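Participant:
Protein chains: 2
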Amino acid sequence: MSESYELGKQLRQFLRGILNEKEGAAQTYTEWGPRVDLAGLKDIYAPQKVKRFTVRPGGIDNLALHSTDTFRIPGQGEFTVDFSGYFRVARDHPTTNDWTTCEVLVNIIDLRLYGKHKDIGEIAVSLNPDILSTGQIFPAKVANGPKACRIATGAIFELRQLGVSVFNKEPILLMNEGIKSIPPVNDPSGHALLFMVPLFNRADPDGKPMAYLSSLRYGAEDYLTESKAEAFRAGRKL
Amino acid sequence: MSESYELGKQLRQFLRGILNEKEGAAQTYTEWGPRVDLAGLKDIYAPQKVKRFTVRPGGIDNLALHSTDTFRIPGQGEFTVDFSGYFRVARDHPTTNDWTTCEVLVNIIDLRLYGKHKDIGEIAVSLNPDILSTGQIFPAKVANGPKACRIATGAIFELRQLGVSVFNKEPILLMNEGIKSIPPVNDPSGHALLFMVPLFNRADPDGKPMAYLSSLRYGAEDYLTESKAEAFRAGRKL
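Chains R and D are the protein sequences, given in the same order.
If you count by our numbering, then the first sequence holds residues 46 to 283, one letter each, in order.
If you count by our numbering, then the second sequence holds residues 46 to 283, one letter each, in order.
Structure, rendered in structure tokens:
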């Protein structure tokens with residue numbers, strides 16, 4: 046390698062050091078895919094009528110959300126927790142006005158879930174601000190048939206009783222291969238395609254995994270009213 | 046948000062801008078998990094006798110590898126390609142000397158695969174140097190039963206005829222839930238757990254996906270002789 050390459054490499058490492066020090070964590074900003082341009086997209090709240098197999102212009106969906114997650118904590122066991130809360134999804138304008146062919150880029154821009162387990166206590170889930178959670182709705186495989194969607198999601202799980210927050214470095218891939226409306230409201234059939242996603246301690250991000258996410262199922266519910274969405278954003282459990 | 050927070054954020058964005066410009070790409074170095082310490086680990090070559098259900102000390106495995114990958118290229122279709130080549134896996138010392146309980150940290154530190162498709166031509170696969178491909182072998186679920194392994198892999202696919210190289214930002218999760226030896230030599234049952242992993246153009250890393258990896262099956266074969274491994278490292282197709 047040339048000297049100027051080496052010098053550049055050292056400079057980059059030095060600058061990265063500054064970035065990490067300022068952030069107090071070894072994570073730099075990660076984008077797993079394209080960003081939705083929020084300009085011109087408006088927040089959408091209840092009440093809404095969502096038509097099946099119909100394309101709609103882009104917007105920011107504020108939807109109730111539930112999930113059932115199983116965590117494996119080495120030395121402690123497996124714990125299944127029911128969560129409920131909300132997510133806010135920036136949904137880009139579709140690439141065509143036709144249900145079958147259109148693609149739609151999406152980003153999760155807010156996520157708040159709460160759950161409680163008798164053994165490991167209360168858990169709050171939020172969006173990881175160091176990662177762009179991004180995905181898309183695909184063209185349908187069959188004309189006028191259901192569409193598939195995928196969203197690579199970066200979350201933080203705050204295990205309050207254990208006094209630790211953990212996060213995923215590999216995406217939690219939320220997906221649904223049978224969506225019949227955009228957005229897929231009142232659809233309980235979402236799941237995460239995963240196998241033992243390692244969860245790392247936010248206070249020791251370069252350490253070994255503290256836990257694993259071994260299963261996740263989810264369902265998007267209906268649009269929230271603006272006041273309910275605001276209450277979630279304010280951190281209130283509803 | 047406070048002014049000093051905002052200033053820090055702007056400074057970080059400025060520094061990131063410098064980093065990206067110097068590298069000629071928006072990718073910074075990514076680690077999906079822990080790094081195996083290579084000090085004290087020796088390269089292992091053929092001939093080897095690998096005993097089933099037996100723990101062995103750490104080392105660097107040089108193994109023949111084959112895979113069958115399916116790519117979806119929007120507007121062009123789906124293409125299934127058979128690859129063969131090699132990978133070099135740094136395998137840490139096991140956490141215990143017991144097959145059932147031990148965990149083993151692994152990193153893929155080299156990967157060379159070649160394949161050819163009648164329509165899209167020759168494809169060369171290599172390890173993405175911007176990403177640490179990392180994973181582990183888990184404790185067995187049942188005493189003396191098979192073990193599971195996962196490796197989050199970052200690859201570069203050089204589509205020579207199309208004149209483009211694409212890479213994954215989300216891991217290609219290589220896994221095998223039924224390994225009966227360490228390493229799992231002559232085991233054709235590996236697969237990647239994935240759903241339409243987006244592949245981005247190395248020349249336009251922040252653009253939209255150029256292609257998707259829609260399926261991948263793989264099998265690790267036997268240890269290579271040192272000369273065959275060196276030939277792969279030198280870029281020769283065998």
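Glycine residues also receive a C-beta, built at the ideal position from the N, C-alpha and C atoms.
If you're wondering where the values come from, they're calculated on a predicted model, not measured in any experiment.
Beta-carbon within less than 7 Å of arginine 101/R's beta-carbon, same chain only, minus the 5 sequence neighbours each way: which residues are those?
Facilitator: These residues qualify, in order along the chain: Ile227.
Participant: Using beta carbons (cut-off 7 Å, strictly below), is methionine 220/R in contact with chain D?
Facilitator: Chain D, which has a Cβ nearer than 7 Å to the Cβ of methionine 220/R, makes this yes.
Participant: Got a sec: is the Cβ-Cβ distance from phenylalanine 240/D to anything in chain R below 7 Å?
Facilitator: At least one chain R Cβ lies under 7 Å of phenylalanine 240/D.
Participant: CA-CA distance, glycine 180/D and arginine 247/R?
Facilitator: Near 19 Å, if we compare the C-alpha coordinates of arginine 247/R and glycine 180/D.
Participant: List the residues that DSSP assigns as beta-bridge partners of lysine 192/D.
Facilitator: DSSP output for lysine 192/D lists Ile224/D as bridge partner(s).
Participant: Kindly indicate if chain D contains any beta-carbon less than 7 Å away from that of tryptophan 144/R.
Facilitator: With 7 Å as the cut-off, tryptophan 144/R does not count as an interface residue toward chain D.
Participant: Considering only the alpha carbon of each residue, which of Thr140/R, Phe116/R, Pro229/R lies closest to arginine 97/R?
Facilitator: It is Pro229/R whose Cα lies nearest to the Cα of arginine 97/R.
Participant: Rounded to whole angstroms, how far is the Cβ of histidine 111/R from the Cβ of tyrosine 268/R, which I believe are closer than 8 Å?
Facilitator: Histidine 111/R to tyrosine 268/R, Cβ: 15 Å. No contact.
Participant: Please tell me whether lysine 186/R has its Cβ less than 7 Å away from any Cβ of chain D.
Facilitator: With 7 Å as the cut-off, lysine 186/R does not count as an interface residue toward chain D.
Participant: Would you say lysine 253/R faces chain D, with C-beta separation under 7 Å as the test?
Facilitator: Yes, lysine 253/R lies at the interface with chain D (some Cβ there is under 7 Å from its Cβ).
Participant: For isoleucine 118/D, which residues of its own chain have a beta-carbon under 6 Å away from its beta-carbon, when the five flanking residues on both sides are left out?
Facilitator: So the qualifying residues of the chain are Ala256.
Participant: Between aspartate 88/R and isoleucine 105/R, is the Cβ-Cβ spacing less than 7 Å?
Facilitator: Result yes, Cβ atoms of aspartate 88/R and isoleucine 105/R sit closer than 7 Å.
Participant: Whole angstroms is fine: what's the gap from glutamate 76/R's alpha carbon to asparagine 152/R's?
Facilitator: Going from the Cα of glutamate 76/R to the Cα of asparagine 152/R covers about 11 Å.
Participant: By how many angstroms is the C-alpha of lysine 94/R removed from the C-alpha of leucine 172/D?
Facilitator: Cα to Cα, leucine 172/D sits roughly 48 Å from lysine 94/R.
Participant: Taking only beta-carbon atoms, is lysine 214/R less than 7 Å away from chain D?
Facilitator: Lysine 214/R counts as touching chain D.
Participant: Please name the residue in Gln121/R, Ile196/R, Trp144/R whose C-alpha comes closest to that of aspartate 164/R.
Facilitator: The option with the nearest alpha carbon to aspartate 164/R is Gln121/R.
Participant: List, in chain order, every chain D residue whose beta-carbon is nearer than 8 Å to that of arginine 195/R.
Facilitator: Those are Phe240, Met241, listed as they occur along chain D.
Participant: Would you say lysine 73/D faces chain R, with C-beta separation under 7 Å as the test?
Facilitator: Strictly speaking, residue 73/D in this sequence is threonine, with lysine absent from that position. Yes, threonine 73/D lies at the interface with chain R (some Cβ there is under 7 Å from its Cβ).
Participant: Does the beta-carbon of proline 4/R have 16 or more other beta-carbons within 10 angstroms, so that it is buried, or is it exposed?
Facilitator: This structure cannot speak to residue 4/R, because chain R is shown only from 46 to 283.
Participant: Pick helix, strand or coil for phenylalanine 116/R, following the three-state DSSP scheme.
Facilitator: Phenylalanine 116/R falls in the strand class under three-state DSSP.
Participant: Going by the DSSP bridge assignment, what does valine 134/D pair with across the sheet?
Facilitator: According to DSSP, which records beta bridges pairwise, valine 134/D is partnered with Asp106/D, Ile153/D.
Participant: For leucine 218/D, I'd like the list of residues in its chain whose CB is within less than 7 Å of its CB, leaving aside the five on either flank, ordered along the chain.
Facilitator: Closer than 7 Å at the Cβ level, and outside the excluded window around leucine 218/D, lie Arg195, Ala197, Ala237, Leu238, Leu239.
Participant: Under a three-way DSSP split, which group does lysine 273/R fall into?
Facilitator: Helix, per DSSP.
Participant: For chain D, is any of its Cβ atoms less than 7 Å away from the one on glycine 104/R?
Facilitator: By this cut-off, glycine 104/R is not an interface position.
Participant: Note down, in chain order, each residue of its chain lying with its Cβ closer than 7 Å to the Cβ of leucine 150/D, except the 5 sequence neighbours on either side.
Facilitator: Contacts found: Pro79, Val81, Asp137, Gln181.
Participant: Just by C-beta distance, which residues in the segment 78-99 of chain R are closer than 8 Å to chain D?
Facilitator: Within the segment 78-99 of chain R, the qualifying residues are Gly78, Pro79.
Participant: Identify the contact partners of phenylalanine 183/R in chain D, using a Cβ-Cβ distance below 8 Å as the criterion.
Facilitator: What phenylalanine 183/R touches in chain D: Met241.
Participant: Could you check the C-alpha separation between leucine 258/R and threonine 146/R for me, to the nearest Å?
Facilitator: The straight-line gap from Cα to Cα measures roughly 34 Å.
Participant: Measuring only the C-alpha atoms, how far is arginine 124/R from alanine 84/R?
Facilitator: A small correction: the amino acid at residue 124/R is phenylalanine; arginine does not occupy that position in the sequence shown. Going from the Cα of phenylalanine 124/R to the Cα of alanine 84/R covers about 41 Å.
Participant: May I ask you to report which of helix, strand or coil DSSP gives arginine 247/R?
Facilitator: Looking at arginine 247/R - three-state DSSP - the assignment turns out to be coil, as it is neither helix nor strand.
Participant: Have a look at Val211/R, Gly235/R, Tyr159/R and flag the residue whose alpha-carbon is nearest the alpha-carbon of glycine 280/R.
Facilitator: Minimum Cα distance to glycine 280/R is reached at Tyr159/R.
Participant: Just to confirm my understanding: we take glutamate 66/D, look at its own chain, exclude 5 residues before and 5 after, and list those with CB closer than 8 Å. What are they?
Facilitator: Confidence in glutamate 66/D is poor, its pLDDT being 40 and thus under 50, which makes the residue's placement too unreliable to answer from.
Participant: Identify which residue in Ala109/D, Lys161/D, Pro139/D, Gly199/D has its Cα closest to the Cα of leucine 244/D.
Facilitator: Here the closest residue by C-alpha is Gly199/D.
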